[in-house]
């Protein structure tokens, strides 16, 4: 084919065919779906890491505050659930163990909250064998099964005992002792 004929044939084909457009859009869609999945994984990983850090900070604050006396505070789930970032200094919020730790300056507002459920973290006394009030619990609510597994993988070695309950969605707590 002579050079001018090749040029004329190329000039006749303008733009892309419908099939080519569909293929390009399909490729873009697959790439976008992959980016969304990776972004969600990164978000979940950061949320779990932040929650693990908050739980470890609370663990340290509880040991520092109540460990020397050996008398851990009574759980107050109703006031813990009712706590918000605007009412955390109210008399009812100060009845909750986490509210007391905030008031004492042992925890910041961010450290006292479960960033996944949006609730403040519940704290209460625990029993060791027959001895009541010999330890304490920290309850984290609103986690799905995968988040719970990831959290346990990250921080379970820091705890003497871990119990997993499946009845504490965001806005409620299951444990009381």
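Residue numbers (full-length UniProt numbering): 1 to 177. Don't be surprised by glycine CBs; every beta carbon is placed ideally from N, CA and C. This structure is a prediction, so every number in the text was calculated from the model and none was measured.
Among the bridge pairs identified by DSSP, residue 93 is matched with none. In the displayed model, residue 43 falls within a helix according to three-state DSSP. At least 8 Å separates the beta-carbon of residue 170 from that of residue 133. CA-to-CA, the gap between residue 127 and residue 34 works out to about 47 Å. Take residue 124, set aside five residues on each side of it, and the residues of its chain with a beta-carbon closer than 6 Å to its own are 75 and 137, in chain order. Contact between the stretch 85 to 104 and the stretch 142 to 154 is absent: fewer than three C-beta pairs spanning the two stretches fall below 8 Å.
Pairwise C-beta distances place the stretch 51 to 70 in contact with the stretch 102 to 113, as three or more of them are shorter than 8 Å. Each residue's CA atom was taken as its position, placing residue 156 and residue 50 some 15 Å apart.
Taking 3 residues as the minimum length, the stretch 17 to 78 contains no beta strand (DSSP E) run wholly inside it. Between residue 113 and residue 48, the C-beta spacing is not below 8 Å. Counting along the chain, the unbroken beta strand (DSSP E) around residue 133 starts and ends at 131 to 139. If you draw a straight line from the Cα of residue 69 to the Cα of residue 129, it comes to about 19 Å. Residue 96 has its alpha-carbon roughly 25 Å from the corresponding atom of residue 144. Residues of the same chain with a CB within less than 7 Å of the CB of residue 92, apart from the 5 flanking positions on each side, are 79 and 82 in chain order. DSSP lists 113 as the bridge partner or partners of residue 120. Between residue 135 and residue 66, the C-beta spacing is not below 8 Å.
Restricting attention to 46, 146 and 159, the CA atom closest to the CA of residue 166 is found in 146. Residue 155: member of the alpha helix (DSSP H) spanning 145 to 155, first to last residue. Nearest Cα to residue 61 within the set 98, 40 and 115: 98.
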